[in-house]
Structure formats: structure tokens, C-alpha cells
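Peer 1:
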Amino acid sequence: MRLLPHLLQRFVQKGRLTVAFADGSRQSFGSGVDGPIVAIRLTDKAVEREIFLNPELKVAEAYMDGRLVVEDGGKVFDLLLLFSVNRSGLAAHPVQKALRAVWKKFRRRQQSNKLGGEASSNIRYHYDIPPKFYRLWLDETMTYSCAYYTSPDVGLHQAQIDKLRHIAAKLKLEPGMHIAEIGSGWGALGTFLARNYDVKVTSVTLSPEQLAVARERAIAEGVADKVTFLEKDYRELEGTYDRVVSIAMMEAIGIDNFDNYFSGIKKLTKPGGFALVHCIGRMSPPGTTAPFIRKYIFPGGYVPAMSEVFASLERTGTWCADCESLRLHYYWTIRDWRLAYEAKRAESVEMMGERFCRMWDFYLASVELGFLHGSNFVFQILISDKRDDVPVIRDYIVDEERRLASIGAV
């Protein structure tokens with residue numbers, strides 16, 4: 173028996189996958205129930221061997237290169253949905269177990285993110301794609317992190333506004349405070365806080381493209397005198413601040429830097445102040461970054477297990493004053509991103525080329541399904557040096573969110 177059919181027979185139990193092989197033969201795998209019905213065609217014999225040896229990377233590359241074709245009007249989302257509902261079968265295969273053991277052995281080297289060139293180049297790899305590409309399918313806030321859905325169908329833009337309100341409410345801000353933001357994105361949170369709370373914000377990023385957009389935004393919104401955006405590594409940020417906030421940044425630092433990250437936040441926080449960290453986590457034990465994501469999307473990135481997060485808090489003597497699990501919010505966010513992206517795909521191809529857009533087809537579909545069927549979710553923690561720096565009752569958060577909603581804060 174050929175290697176790939178042997179893998180697929182063990183792997184595909186739910187739904188059905190029909191494969192047209194390069195030699196003209198066809199074979200179907202799966203029960204045909206409890207999953208999608210998908211047909212693919214492999215254009216050459218070599219791709220069969222490549223997919224068997226490393227399916228999580230080579231399926232993506234074969235699709236990007238047109239060597240794996242989804243047929244019968246299907247999309248790569250359908251193929252990845254089939255993989256997603258059968259994910260336990262793939263992980264149990266001996267070859268895949270061996271691959272994961274190797275990846276885990278080398279994960280620290282892959283995530284070193286040394287201060288200077290390495291950390292900067294990893295961030296720029298993803299975020300220095302032209303902003304006009306992201307504008308095609310992000311909402312008007314240009315927020316590229318998990319939104320906050322008060323209901324699954326509230327809509328992406330409202331969910332991102334609600335996320336900004338949710339974070340602001342947790343920070344318990346007062347006029348005149350100085351906020352440090354680790355990872356500015358395109359500036360939405362920094363300008364939101366300055367406009368609605370009369371606070372100063374110092375925000376850092378390693379992406380020149382994001383920096384330029386954020387600075388333009390501050391000018392356009394009339395808060396350039398209150399918000400300072402800097403091209404700087406978070407480890408080089410100086411001074412002390414009333415609050416520190418870090419949204420979707422911890423995933424980029426690498427496991428060896430967790431202790432320095434939390435220690436750095438403590439050093440930046442004034443006595444009596446506290447910080448908010450918003451990050452993707454996994455409910456499963458410590459693992460590795462998927463090879464496709466590591467190679468093509470977020471080099472140097474890693475989604476931590478909660479055991480790794482809390483172990484680092486313990487080592488750095490940091491109080492976790494509050495922890496909220498946003499379990500399905502990122503699934504809904506990426507679902508809305510993917511649908512918006514697909515609606516603008518022709519424009520994306522004209523701008524970035526077909527192979528790049530196939531990469532993003534695969535990326536958005538795979539991460540969406542990872543938040544639906546996999547172990548990923550988003551958590552927000554409030555951390556402080558002392559146990560009473562954060563209010564001990566959470567009512568203040570809801571009260572402030574309602575106030576912001578009543579005045580239409582955007």
C-alpha cells in the first residue's frame with residue numbers, strides 16, 4: 173500500500189475525502205457522515221510523499237503552489253474543516269507523533285526572538301505587508317486581534333468597538349494617567365484611550381508600516397499631543413506608568429522570554445498600578461507552533477499553555493488579579509475576517525498575487541477552525557505587584573462598559 177493512502181485511511185474517519193492521484197487512480201476515505209464531503213486532485217507523485225511526511229506543512233504548500241487542487245466547487249476551507257473534525261486521528265499516527273517530538277525539541281531555538289534584528293524581522297515579516305491589504309477586510313478600526321462579541325452575530329465592527337470598551341473598562345483609568353502600550357497595532361486602542369479618558373499613551377511597535385498608520389491616526393483623531401507611537405522593542409521601553417496594556421503581543425515573544433516579559437511589565441508599572449495582558453492561549457499542555465504558521469505567518473511565534481503563563485507569573489512574583497477566558501470570541505472574529513477577505517479576494521489577488529492569497533486562504537481557514545475545534549482560545553489577565561492593586565470585585569468593569577456604551581464611545 174502506498175504511504176499516503178495508508179495515512180488517510182487511519183486519519184479520515186468522519187466525512188469523506190476523495191483523492192485523485194497523479195497516476196489517474198481515485199480513492200475515497202471516511203464514513204461519509206459527521207463531516208464534509210471533499211474531493212481533491214494531486215498533480216504529481218512527489219506531492220504524495222511530501223504530504224505523508226509532513227501533512228501540516230506540505231498540504232499548505234501544495235495548495236499554495238497549485239499542486240493540490242480542491243475540486244467539485246469546494247474551497248480549501250472545506251478541506252481544512254475535514255481535517256479539523258478528524259484532527260485526533262492525524263495526531264495519533266506514529267509519523268506525526270515523531271514529527272511533533274522533533275518540533276518540540278527545537279522550539280526554543282525557533283522562538284528565540286533576540287533583541288534587535290531577529291525580533292524586529294519576525295514582526296515585520298507579518299505586519300509590514302502593505303496596510304491597504306489589511307484595510308480590504310479588517311473593520312474600520314483596523315484592529316487585528318480578537319474582538320469581543322456580545323452575541324455571535326453582532327458584527328465585526330461593533331465587536332471591535334466593544335473590545336476597546338472592555339479593555340478600557342478593565343484598566344480603571346483616570347484623567348492624567350500615563351499608559352504604556354506594548355504592541356500598538358495600527359493605533360486603535362491608544363487613540364481610543366486618549367480620546368475617551370484624557371490620558372497620555374506611550375505605545376511601541378517594531379513594524380514601520382504600523383507605526384506610520386498609527387501616527388497618522390493620532391493626528392486625524394486630534395490626539396497626537398497625547399499619544400506617542402515609537403518604533404521600539406518593548407524591552408527597551410523606559411519609565412514607569414500608571415497602567416501597562418499588551419494586546420496580542422505575548423504570542424510573539426517566545427517561551428524563553430516569558431519571565432523577562434512579565435518582569436519587564438512589573439518594572440514599567442508604578443506602585444499601585446497594574447497591567448492587562450490579552451493573549452492567545454491553549455487549554456492543552458505545552459506544545460509547538462504549527463509548521464505552516466511558523467514558516468509563513470508568524471515566525472518566532474508561540475501560543476502558550478496556561479500552565480506556562482502561570483508558571484512564569486509564579487517565578488516573577490506577579491499576582492494574577494483577574495483572568496477571563498474568551499473561548500469562542502476569536503472563532504467569531506476570524507470567521508468574520510475570512511468572510512470579509514473572501515468577498516475582497518479578487519482585489520487581494522490583484523494587489524498581492526495568487527500564491528500569497530492562497531497562503532491567506534489557508535491561514536484564515538486553519539486558524540478559524542483551530543479556535544472552533546482545537547485547543548486555542550484567548551485570555552485576558554490583570555496582573556499586579558500587590559494583591560489589592562486591582563479592585564477585588566469586578567463590578568467596576570461592567571459599570572464602566574455600560575457608561576461607555578451610553579455615551580457611544582468609539
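Taking this note's numbering, I'd label the letters of the sequence shown as residues 173 to 582. Each residue gets a CB set at the ideal place from its N, CA and C atoms; glycine is no exception.
Have a look at Ser197 and Leu175 and give me their C-alpha separation to the nearest angstrom.
Peer 2: Distance between the alpha carbons of Ser197 and Leu175 is about 15 Å.
Peer 1: Beta carbon of Asp405: closer than 7 Å to some heavy atom of the ligand GDP?
Peer 2: This structure simply doesn't include the ligand GDP, nor any ligand for that matter.
Peer 1: Between Val184 and Gly202, how many whole angstroms is the CB-CB distance? I'm expecting something under 8 Å.
Peer 2: Their Cβ separation, rounded to whole angstroms, is 4 Å, which keeps Val184 and Gly202 in contact under 8 Å.
Peer 1: Report yes if the CB atom of Trp509 is closer than 8 Å to the CB atom of Trp309, and no otherwise.
Peer 2: Yes. Within cutoff.
Peer 1: Is Pro443 helix, strand or coil when you go by DSSP?
Peer 2: Correct three-state label for Pro443: strand.
Peer 1: Can you give me the C-alpha to C-alpha distance between Leu336 and Arg239, rounded to a whole angstrom?
Peer 2: So the alpha carbons of these two residues sit roughly 42 Å apart.
Peer 1: Select from Lys344, Val539, Ala331 and Met421 the residue whose C-alpha is nearest the C-alpha of Phe464.
Peer 2: Checking every option, the nearest Cα to that of Phe464 belongs to Val539.
Peer 1: CA-CA distance, Tyr568 and Cys529?
Peer 2: Approximately 44 Å between the Cα atoms of the pair.
Peer 1: Compute the Euclidean distance between the alpha carbons of Val191 and Asn258, then round it to the nearest angstrom.
Peer 2: Between Val191 and Asn258, the C-alpha separation is close to 16 Å.
Peer 1: May I have a chain-ordered list of the beta strand (DSSP E) segments no shorter than 3 residues that lie completely inside the stretch 313–399?
Peer 2: Counting whole runs of 3 or more residues, the stretch 313–399 contains the beta strand (DSSP E) stretches 350–354 and 372–377.
Peer 1: Please go through the stretch 449–505 and give each complete alpha helix (DSSP H) segment of 4 or more residues, from N-terminal end onward.
Peer 2: Runs found: 478–487.
Peer 1: Is the beta carbon of Ala483 less than 8 Å from the beta carbon of His450?
Peer 2: For Ala483 and His450, no; Cβs fall outside 8 Å.
Peer 1: With distances taken between CB atoms, is the gap from Glu423 to Tyr474 smaller than 8 Å?
Peer 2: Yes, Cβ-Cβ distance for Glu423 and Tyr474 is below 8 Å.
Peer 1: Which first and last residues belong to the beta strand (DSSP E) in which Trp554 is found?
Peer 2: According to the sequence provided, residue 554 is Leu. The question's Trp does not apply to it. Counting along the chain, the beta strand (DSSP E) containing Leu554 begins and ends at Asn548 to Ser556.
Peer 1: Using a Cβ-Cβ cut-off of 8 Å (strictly less than) and excluding sequence neighbours within five positions of Val219, which residues of its own chain qualify?
Peer 2: Only Ala194, Lys230, Ala234, Arg239 and Leu240 meet the Cβ criterion.
Peer 1: Looking at the secondary structure, which residues open and close the beta strand (DSSP E) in which Ala211 lies?
Peer 2: Note, Ala211: beta strand (DSSP E), Ile209 to Leu214.
Peer 1: Out of Phe249, Glu243 and Phe551, which one is the CA nearest neighbour of Leu214?
Peer 2: Taking only the C-alpha atoms, the option nearest Leu214 is Glu243.
Peer 1: Opposite Ala192 in the DSSP bridges: which residues?
Peer 2: Paired residue(s): Arg198 and Arg213.
Peer 1: If you reduce the DSSP assignment to three classes, tell me which class Val257 lands in.
Peer 2: DSSP places Val257 in helix when its eight states are reduced to three.
Peer 1: Using CA atoms only, rank isn't needed, just tell me which of Gly327, Gly444, Ile437 and Ala360 is closest to Val395.
Peer 2: Comparing Cα positions, the closest option is Ala360.
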